[in-house]
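If you use the working numbering, the sequence shown corresponds to residues 5 to 557, in order.
Don't be surprised by glycine CBs; every beta carbon is placed ideally from N, CA and C.
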Amino acid sequence: MYFLFADTWITGIGWTLVHSLWLGLVLAVLGGVLMLVTRKATASVRYALLITLMVLFLVAVGVTFALMLSATGLTSYTVSGTVRANGWPGPSFMDTLTGFFNEHSGWIVKIWLLLVVLKLGKLIADWFYVSRLKQQQVYSPEPHWQEKLEQLSNHLGVGKMVRVLESALVKVPVVAGHLKPVILLPLGILANLPASEVEAVLLHELAHVRRNDYLVNLVQRVAELLFFFNPGLLWISSLVRNERENCCDDVAIAASENKVGYVQALVSFREHSLKTPVVVLGFYNKKNQLLDRLQRIVYNRNRTLTGREAGFVSVNVMLLVLLMVFTGETVVRREQGTAHQLTALTQPTNTLQHLPASNPQEGIPVVENIVPSLIGPTPVPSDDAAYKNVYKDYTSEYKDYAGNSDPSQESVNREKERKQSVDSDEGHNQIVNHPNQPEPDRGQTASDRLQAGIERRQAGIDRKAAEHDREVAMADRQRAELDRAQAMRDMEQAEKDRAQAEIDRMQAVKDRIQAERDRMQAIKDREQGERDRGQALKDREQAERDRQQAAKN
5 MYFLFADTWI
15 TGIGWTLVHS
25 LWLGLVLAVL
35 GGVLMLVTRK
45 ATASVRYALL
55 ITLMVLFLVA
65 VGVTFALMLS
75 ATGLTSYTVS
85 GTVRANGWPG
95 PSFMDTLTGF
105 FNEHSGWIVK
115 IWLLLVVLKL
125 GKLIADWFYV
135 SRLKQQQVYS
145 PEPHWQEKLE
155 QLSNHLGVGK
165 MVRVLESALV
175 KVPVVAGHLK
185 PVILLPLGIL
195 ANLPASEVEA
205 VLLHELAHVR
215 RNDYLVNLVQ
225 RVAELLFFFN
235 PGLLWISSLV
245 RNERENCCDD
255 VAIAASENKV
265 GYVQALVSFR
275 EHSLKTPVVV
285 LGFYNKKNQL
295 LDRLQRIVYN
305 RNRTLTGREA
315 GFVSVNVMLL
325 VLLMVFTGET
335 VVRREQGTAH
345 QLTALTQPTN
355 TLQHLPASNP
365 QEGIPVVENI
375 VPSLIGPTPV
385 PSDDAAYKNV
395 YKDYTSEYKD
405 YAGNSDPSQE
415 SVNREKERKQ
425 SVDSDEGHNQ
435 IVNHPNQPEP
445 DRGQTASDRL
455 QAGIERRQAG
465 IDRKAAEHDR
475 EVAMADRQRA
485 ELDRAQAMRD
495 MEQAEKDRAQ
505 AEIDRMQAVK
515 DRIQAERDRM
525 QAIKDREQGE
535 RDRGQALKDR
545 EQAERDRQQA
555 AKN
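Okay, structure coming up:
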């Protein structure tokens, strides 16, 4: 009973993992459509929709697992050779995969479980590391920063007590813990950055606490742990993280009412982290994530799909279509097989009825119609004398078997051939001198000699072909080495270009921020000029009145 129960669970888990793959394809396609449709929506709306997709995926996987456990058994579709010979097509691609998985499901589940345990160990180690960050190499800032944090918490409506500490182990701001959250800031940030920029970052981290993002992130980590092999789920989870940061950016900007100052704070923290680029958890931990956030804030434009993401979604669409095609083909084949089996059971056929009718008086000619098609003479190269002799002997033997219908005449001819062979062939003389040794089948011997000659020639041809293939393989290997070296050089150059492009993009963002500051300063200068001009008019009017008053006196 125990083994039956364990086998049921292994089978259920295995097939749930298989079904999660096509569910991941559907999830990725829906996620791509959502990113295109909601390009003008707010970050909170996109975040809620992506979370909904992820939850629906997990619910679908759970329902699938329940169905797999409640099923009495999983059918492995195989096709017997007898049925295929009778006209039913062989197993489809999906049948082959099903049979393979049914045969190896135990090993597949064991490998998956081993990898899950390893990743679970890493997750636990990360949790202990984050807990240790709250206790090791941390320093309390000046008291007014804790007071400022409490004011910002009350402003955002955060119901928990949040502390702020400086840490020598982090390079970007980090929120650690859920029940007793702590904001860890890189050591020296409070002294080197303006207070307004630090307040903007504190607002961002407090937004994470108010939204309970720590728990949502924990659920994501568990889902990624169980479905680490599912690219669709992993991609949607990364989109959820991006939109979560965008939501917190919106909260911080709305609370501070200073978009330019918040952007400058992001850039300042990025410059500080580049000096020591070891990142644990934090403000931005994905490549190009900061740039995407800056472009979204500055240009008020949501990101849709990058070229790589669009290609990924397209591949998922094609795989989903192929899966539907293969599934439809499997259904058709099974229906055809069922119909064929029913026909075979209701209308049995007599195989003997399909043999050609023969006249009982003809005897041997019936064999003549069959044997020539099976043992007919084989063409022999005309430029080989040895092959001609063998071929001649073989042809004469073939004529003896297939051309003589008189048994007595056949015996006479065979006796003459035997005597001629004794006079001309020393090997045959030895056989005749030993009456106890049976005479070999001359037709078979001739056929073997012919086949051996053909095989020797074919072996020579194959040897030359193998030598040529070896030379071609050597040339291809050398060409591949050259291509690999060139690819490495191209990769290094592309990495340099990418780094330069990153620097240029950051400079462009700085220039835009400076331009925005200059524009705001120009507006202030214009307003100040208007005030000065108004004051000048007042002064002139006052001077005119003073002059008139002096004239009267």
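Check, Outcome
"Within a Cβ cutoff of 6 Å, which residues of the same chain sit near ILE17, ignoring the five residues on either side of it in sequence?", "VAL113"
"Does the stretch 143 to 163 come close enough to the stretch 181 to 200 that 3 or more CB-CB pairs lie under 8 Å?", "yes"
"Quick one: residues in its chain with C-beta nearer than 7 Å to the C-beta of ARG300, no 5 flanking neighbours on either side, listed in chain order?", "ASN250, ASN306 and ARG307"
"How about THR42: is its Cβ closer than 8 Å to a heavy atom in the ligand NAD?", "In the structure shown, the ligand NAD is absent, as is every other ligand, since no ligand is present at all."
"If the criterion is Cβ atoms closer than 9 Å, does the pair ALA199 and LEU188 meet it?", "no"
"Would you mind reading off the limits of the beta strand (DSSP E) that contains SER171?", "167 to 171"
"Please report the residue range of the alpha helix (DSSP H) in which ALA75 lies.", "No alpha helix (DSSP H) holds ALA75; DSSP gives it neither H nor E."
"Here's the rule I'm using: 16 or more other beta-carbon atoms within 10 Å means buried, otherwise exposed. How should TYR303 be labelled?", "exposed"
"Would DSSP call ALA129 helix, strand or coil?", "helix"
"Am I right that ALA258 and HIS208 are in contact with their C-beta atoms under 8 Å? What's the rounded C-beta distance?", "Rounded, the Cβ-Cβ distance is 11 Å, inconsistent with contact."
"How do the stretch 316 to 330 and the stretch 28 to 42 stand: do at least 3 beta-carbon pairs fall below 8 Å, yes or no?", "yes"
"Threshold first: 3 residues or longer. Then list the beta strand (DSSP E) segments lying entirely within the stretch 156 to 213, N to C.", "167 to 171, 178 to 180 and 186 to 190"
"Ignore the nearest five residues each way along the sequence and tell me which others in GLN546's own chain have a CB closer than 6 Å to its CB.", "none"
"Just checking my contact of VAL1 with PRO185 at CB under 8 Å: how many whole Å lie between their CB atoms?", "Here the chain comprises residues numbered 5 to 557, so residue 1 is not present and cannot be evaluated."
"Going straight from the alpha carbon of VAL121 to that of GLY28, what length do you get?", "22 Å"
"Could you tell me if GLU203 is buried or exposed, where buried requires 16 or more neighbouring beta carbons within 10 angstroms of its beta carbon?", "buried"
"Please check the pair LEU1 and MET39, which I expect to be a contact at CB under 8 Å, by giving their CB distance rounded to whole angstroms.", "No statement about residue 1 is possible, as the shown extent of the chain runs from 5 to 557 and does not include it."
"Quick one: using the 10 Å Cβ neighbour count with 16 as the cut-off for buried, is GLN224 buried or exposed?", "buried"
"Does the beta-carbon distance from LYS138 to LEU169 come in below 9 Å?", "yes"
"For ARG274, collect the residues of the same chain with a Cβ closer than 7 Å to its Cβ; drop the 5 residues on either side in sequence, then sort them by chain order.", "LEU294"
"Just list the residues that DSSP pairs VAL142 with in beta bridges.", "SER171"
"Our contact map puts LEU243 next to LEU54 with C-beta atoms below 8 Å; I'd like the distance itself, whole angstroms only.", "5 Å"
"Count the other CB atoms within 10 Å of the CB of GLN268; is the residue buried (16 or more) or exposed (fewer)?", "buried"
"Does the beta-carbon distance from TRP13 to LEU73 come in below 9 Å?", "yes"
"Which residue from LEU173, ILE128 and LEU298 puts its Cα closest to that of LEU229?", "ILE128"
"Residues in its own chain within less than 7 Å of ALA47 by CB, not counting five upstream and five downstream?", "GLU247, ASN250, CYS251 and ASP254"
"Measure from the alpha carbon of ARG312 to the alpha carbon of each residue in TRP239, ASP217, ASP466 and ASN262, then state which is nearest.", "TRP239"
"May I have the straight-line CA-CA distance separating ARG215 from GLN155, to the nearest angstrom?", "18 Å"
"Using 8 Å for Cβ pairs, my map puts LEU119 next to PHE232. What's the rounded Cβ distance?", "7 Å"
"Does the distance from the C-beta atom of VAL271 to that of ILE517 stay below 9 Å?", "yes"
"Rounded to a whole number of angstroms, what is the C-alpha to C-alpha distance between PRO442 and ASP473?", "For PRO442, the pLDDT reaches just 48, beneath the cut-off of 50, and the residue's location in the model is therefore unreliable, although a value from the coordinates is still provided. Between PRO442 and ASP473, the C-alpha separation is close to 47 Å."
"As a quick exercise: from SER24, ALA491 and GLY464, pick the residue whose alpha carbon is nearest that of ASN234.", "SER24"
"From LEU62 to GLY36, what distance separates their C-alpha atoms?", "18 Å"
"Using the C-alpha atoms, what's the distance from ALA540 back to ALA554?", "21 Å"
"Alpha carbon to alpha carbon, how far is LYS556 from GLU548?", "12 Å"
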